[in-house]
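Note sheet for the following structure.
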Amino acid sequence: MSGAHYSIFSVLREALRGHTGWGPAWRDAAPKSDYDVVIVGGGGHGLATAYYLAKNHGPLKIAVLEKGWIGGGNVGRNTTIVRSNYLLPGNIPFYELSMKLWEGLEQDLNYNAMVSQRGVLNLYHSDAQRDAFARRGNAMRLHGVDAELLDQAAVRKMVPFLNFENGRFPIHGGLLQRRGGTVRHDAVAWGYARAADKLGVDIIQNCEVKGFKRENGRIVGVETSRGYIGAKKVAMAVAGSSSRVAAMADLRLPIESHVLQAFVTESIKPFIDGVVTFGAGHFYISQSDKGGLVFGGDLDGYNSYAQRGNLPVVEDVCEGGMALMPRIGRVRLLRHWGGIMDMSMDGSPIIDTTPVPGLYLNAGWCYGGFKATPASGFCFAHLIARDEPHEVARAYRLDRFATGHAIDEKGMGPHPNLH
1477 MSGAHYSIFS
1487 VLREALRGHT
1497 GWGPAWRDAA
1507 PKSDYDVVIV
1517 GGGGHGLATA
1527 YYLAKNHGPL
1537 KIAVLEKGWI
1547 GGGNVGRNTT
1557 IVRSNYLLPG
1567 NIPFYELSMK
1577 LWEGLEQDLN
1587 YNAMVSQRGV
1597 LNLYHSDAQR
1607 DAFARRGNAM
1617 RLHGVDAELL
1627 DQAAVRKMVP
1637 FLNFENGRFP
1647 IHGGLLQRRG
1657 GTVRHDAVAW
1667 GYARAADKLG
1677 VDIIQNCEVK
1687 GFKRENGRIV
1697 GVETSRGYIG
1707 AKKVAMAVAG
1717 SSSRVAAMAD
1727 LRLPIESHVL
1737 QAFVTESIKP
1747 FIDGVVTFGA
1757 GHFYISQSDK
1767 GGLVFGGDLD
1777 GYNSYAQRGN
1787 LPVVEDVCEG
1797 GMALMPRIGR
1807 VRLLRHWGGI
1817 MDMSMDGSPI
1827 IDTTPVPGLY
1837 LNAGWCYGGF
1847 KATPASGFCF
1857 AHLIARDEPH
1867 EVARAYRLDR
1877 FATGHAIDEK
1887 GMGPHPNLH
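So, in structure tokens, the structure goes:
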């Protein structure tokens, strides 16, 4: 296996010899003829699933197939925010498990993922919104999750540079989760890849799935750009491409794919300590370790598989930022990019078996995919190994749309683009 144990001693040793002894973080594996489990998708969720499968449910022959390179998909195309400030009982335990896994991730993986629990502050701008946030905070605390409802004075003390007296959107206060924060997105992919590789997982890049092979109705393998690979079980974790990959197995999913843009500015001096979200519009912002302001907003509003967005959304996001903190208008935008969001009908994810025997599904993450990475992998691995859902993911069934058990966190109804 690749990758030595990282420690202060290994860093000092390599410093003394010019850092010439570092090897690859993981092997560039070639596909074998068959595996116990093949995971389609080498993003954060796929790699986390492979790691927890190997760690908690092994020994198993596991392969992760990625059509491009590790870190090239949504796991490297997001705004890096992690939190567990959810409202509904179907979501809170799951995202709190994810938060707890984030808190121990670097020690578990022996990798610096730059987990920074700087706090997530959601602003409110009216009495009605305050009451809604109070309800959310109470629901969180009933589940053992930290939450603080702040008045305007407390928010002003934390972030005095906001536009509190905006005529249209005055800031009245906010809901704070101090344990929330940010994590370096590509480091998450690299850390899980390295840790999974050390447990024997084959990570196969540039290997696109072209179809599924069935025998007596059951999936027994995948046809790929690098040949056929047999598998006892096949697990899908392909985010915005979920519908296209599922269609190869004649499976129609309750999912739409949309583009979500993210932005980063030039580097500036330390400005924003934590994460701040605008309650009067969809805008969220933090500052990276390099000094750039990282922010985002709404979907582009049309179905697409392209990893790029359009200019009206750029304008809308910048307007939200200017309404919240006018001083950022002097900062130059450095770059922006798009990720493909797999938007489910109720805005909540799916972790379940499928009607196709041998095929398992992890999809429908909407805006919440990155923050869910550890718990998603942990629960999906449990499902694959035991053929039963993990306790905190029981609500994420595929058939909930047919049985009337939707988890509509934002109360938007069956409109994927509004979630």
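Last residue of the sequence shown? That's 1895 in this note's numbering, and every number before it is there in order. No residue lacks a Cβ here, since even glycine has one placed at the ideal position from N, Cα and C. Fair warning: this is a prediction, and the values are worked out from it, not measured in the lab.
Three-state secondary structure (DSSP) of residue i
| i | result |
| --- | --- |
| PHE1485 | helix |
| LEU1577 | helix |
| ALA1505 | coil |
| GLN1681 | coil |
| HIS1648 | coil |
| THR1879 | helix |
| MET1712 | strand |
| TRP1841 | coil |
| PHE1688 | strand |
| THR1849 | helix |
| MET1477 | Reliability of the predicted coordinates at MET1477 is poor, the pLDDT of 41 falling under 50, and the value obtained from them is presented with this limitation in mind. Coil. |
| HIS1812 | strand |
| ILE1695 | strand |
| HIS1734 | strand |
| LEU1874 | coil |
| SER1717 | helix |
| ASN1420 | The chain is shown only over 1477 to 1895; residue 1420 falls outside these bounds and no answer can be derived. |
| LEU1563 | coil |
CB of residue i within 8 Å of CB of residue j, strictly
| i | j | result |
| --- | --- | --- |
| ALA1539 | TYR1511 | yes |
| ALA1589 | GLU1579 | no |
| TYR1836 | MET1724 | no |
| GLY1703 | GLY1697 | no |
| ALA1665 | GLY1520 | yes |
| PHE1637 | MET1801 | yes |
| PHE1609 | LEU1625 | yes |
| GLY1518 | ALA1871 | no |
| HIS1895 | GLY1823 | yes |
Nearest candidate by alpha-carbon position, reference residue i, set the options
| i | options | result |
| --- | --- | --- |
| GLY1656 | LYS1633, ASP1622, ASN1639 | ASP1622 |
| LYS1686 | THR1555, ILE1826, THR1700, LEU1563 | THR1700 |
| ALA1799 | ALA1615, ARG1611, ASN1639, ALA1869 | ASN1639 |
| GLU1542 | ILE1515, GLU1624, TYR1704 | ILE1515 |
| LYS1886 | MET1821, ILE1705, THR1658 | MET1821 |
| VAL1793 | HIS1758, ARG1720, ALA1782 | HIS1758 |
| PHE1771 | PHE1877, PHE1754, ARG1493 | PHE1754 |
| GLY1805 | PHE1688, GLU1791, ALA1722 | GLU1791 |
| ALA1756 | LEU1727, HIS1895, GLY1796, SER1743 | GLY1796 |
| ARG1503 | VAL1677, ALA1722, ALA1524 | VAL1677 |
| MET1634 | GLY1494, PHE1645, VAL1596 | VAL1596 |
Local Cβ density within 10 Å of residue i, reported as buried at 16 or more and exposed below that
| i | result |
| --- | --- |
| ARG1694 | exposed |
| ASN1692 | exposed |
| HIS1648 | buried |
| SER1717 | buried |
| ARG1617 | exposed |
| SER1486 | exposed |
| MET1477 | Bear in mind that a pLDDT of 41 at MET1477, under 50, signals an unreliable position, so the number given afterwards is only what the model happens to contain. Flag for MET1477 reads exposed. |
| GLU1572 | buried |
| ASN1598 | buried |
| THR1556 | buried |
| LEU1492 | exposed |
| GLU1742 | exposed |
| SER1762 | buried |
Bridge partners - residue i, DSSP secondary structure assignment
| i | result |
| --- | --- |
| PHE1640 | PHE1640 pairs with nothing; no bridge assigned. |
| THR1753 | ASN1598, TYR1760 |
| VAL1793 | None, per the DSSP bridge assignment. |
| PHE1771 | PHE1739, ILE1761 |
| ARG1511 | Here the sequence assigns Tyr to residue 1511, which means Arg is not the residue at that position. Bridge partners of TYR1511: ALA1707. |
| SER1592 | THR1658 |
| MET1817 | HIS1734 |
| THR1556 | DSSP, once it has assigned bridges, lists no residue as partnering THR1556. |
Neighbour flag for residue i against chain B, beta carbons, 8 Å
| i | result |
| --- | --- |
| VAL1664 | Absent from the structure is chain B; it holds one protein chain and no more. |
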